[in-house]
Each structure stands twice: as C-alpha cells, then as structure tokens.
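Just so you know, the working numbering puts the end of the sequence shown at 146, numbered straight through with nothing missing. For reference, the structure is listed below as structure tokens.
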Amino acid sequence: MPIYEYRCLACRRRFSVFYRSFSAVAETATCPRCGGMRTERLISRVTVLRGRADAGDFEEAKDSLDEELGAEDEDWPPLDEEGFPDTDDPRELAQWTRRMSEELGEPLDPVLDQALTDLERGADPDEVFERLEAEPPAESPGETA
C-alpha cells in the first residue's frame with residue numbers, strides 16, 4: 002500500500018497521498034491546501050528496518066538522523082532529548098525554525114514568518130507570542146488525503 006509525496010507548484014506545499022494499490026497511483030494529485038492540480042511527485046526518504054530492533058538500534062538511528070538534519074553542524078544549536086534546540090535565545094529558535102522549514106521543504110505561514118522576523122530583530126518574545134495567539138497561523142488541511 003504505497004504512500005507518495007507530492008509538491009504543489011502553486012503554493013509549494015508538500016503533501017502525501019495514500020493509495021490502496023499500486024494500480025491506483027496517479028502521476029499528479031490535488032493539493033489539499035489550495036486545490037491546485039499542478040503537482041510534482043517527489044522522491045521520499047526511505048527507511049529500511051533489519052531484523053529485531055532494540056534500544057541501541059533506536060539510538061543509532063536517532064544519531065544518524067541528527068547528523069543528516071544537521072544537528073551536529075556547528076551552525077545549529079545543540080538539540081535537547083526531544084530534538085529541539087537546547088537554547089533560551091529567541092533569535093536562535095527563530096533561525097532554527099526557518100532552517101527546519103527549508104530543510105523539510107515546508108513553506109512558513111506569513112503570520113509565523115513575521116513573528117520569526119520580529120524575534121530575529123530582537124522583539125520581546127512575550128509580545129510576539131501574544132500576537133500569535135491573537136492571530137494564529139492558518140491551519141493547513143491534513144497532510145494526507
């Protein structure tokens with residue numbers, strides 16, 4: 002039962018589509034965010050599991066993923082146990098959020114983008130978060146169709 006990833010050429014949104022069989026797979030799909038029909042199929046990351054997993058395998062896989070995502074990169078702040086930046090600096094958090102958005106190919110909502118810009122310029126984080134609560138970023142439709 003395949004799951005394929007697509008990117009909408011209109012809004013640049015990456016989304017996944019689940020098909021019940023290989024014969025049902027379409028070259029293009031409808032974007033769940035904007036309804037656009039101009040999409041391109043992407044090559045998804047593949048994970049291969051071998052044999053029975055134990056706790057050591059999980060740690061090994063996590064370390065490998067951290068390396069792939071740049072967690073060991075000097076430009077990235079160190080990550081905590083949950084995979085988030087281990088920093089209290091709002092500027093670093095904003096920059097990390099932008100970089101993750103780019104790495105994952107997910108565009109930022111304009112409201113969130115403005116909030117990150119404000120944090121990077123040194124705005125008071127409490128004021129920025131209050132504004133975000135008053136005008137939250139638009140919720141995107143589900144990632145899968």
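Cβ coordinates follow ideal geometry from the N, Cα and C atoms, glycine included.
What would DSSP say about P138, mapped onto helix, strand or coil?
In the sequence shown, residue 138 corresponds to position 137, counting from 1. Residue state, collapsed to three classes: coil.
Which runs of the beta strand (DSSP E) spanning at least 3 residues fall entirely within the region 96-123, listed in chain order?
none
Taking the beta strand (DSSP E) that T40 belongs to, which residues open and close that run?
By 1-based counting over the sequence shown, the position of residue 40 is 39. 40-43 is the extent of the beta strand (DSSP E) around T40.
Tell me whether the region 36-46 and the region 3-14 touch, counting them as touching only if at least three CB pairs, one residue from each stretch, are closer than 8 Å.
yes
So which of E128, R99, G106, E104 has the shortest CA-CA distance to L117?
Taking the first residue of the sequence shown as 1, we reach residue 117 at position 116. Checking every option, the nearest Cα to that of L117 belongs to R99.
Can you list, in chain order, the residues of its chain with a C-beta nearer than 7 Å to that of L113? Leave out the 5 residues immediately preceding and following it.
On the sequence shown, position 112 is the one that residue 113 refers to. Excluding residues within five positions, the ones whose Cβ falls inside 7 Å are P138.
Let's test the definition: count the other Cβ atoms within 10 Å of the Cβ of C32 and tell me whether it reaches 16, buried, or not, exposed.
Sequence index remark: in the sequence shown, residue 32 carries index 31 (1-based). It is buried - the Cβ of C32 has at least 16 other Cβ atoms within 10 Å.
Distance, R14 Cα to E93 Cα:
Residue mapping note: residue 93 aligns to position 92 of the sequence shown, counting from 1. Residue mapping note: residue 14 aligns to position 13 of the sequence shown, counting from 1. Taking the straight line from one Cα to the other gives about 25 Å.
So is V18 buried or exposed if we call it buried at 16+ other beta carbons inside 10 Å?
Counted from its first residue, the sequence shown places residue 18 at position 17. Burial call: buried.
Who pairs with V26 in a beta bridge, going by DSSP?
Along the sequence shown, one-based indexing puts residue 26 at 25. Answer by DSSP bridge pairing: none, since V26 is not bridged.
CB-CB under 6 Å to Y20, same chain, minus the five flanking residues each way: which ones, in chain order?
The count along the sequence shown starts at 1 and reaches residue 20 at position 19. Only P3, V26 meet the Cβ criterion.
Leaving aside the five residues before and after R122 along the sequence, list all residues of the same chain whose C-beta is less than 6 Å from its C-beta, in chain order.
For the purposes of this step, residue 122 is identified with residue 121 of the sequence shown, where counting begins at 1. Answer for R122: no residue qualifies.
Using C-beta distances below 7 Å, list every residue in its chain close to F23, excluding the 5 sequence neighbours before and after it, in chain order.
Along the sequence shown, read from residue 1 onward, the residue named residue 23 stands at position 22. Cβ neighbours of F23 beyond the five flanking positions: P3.
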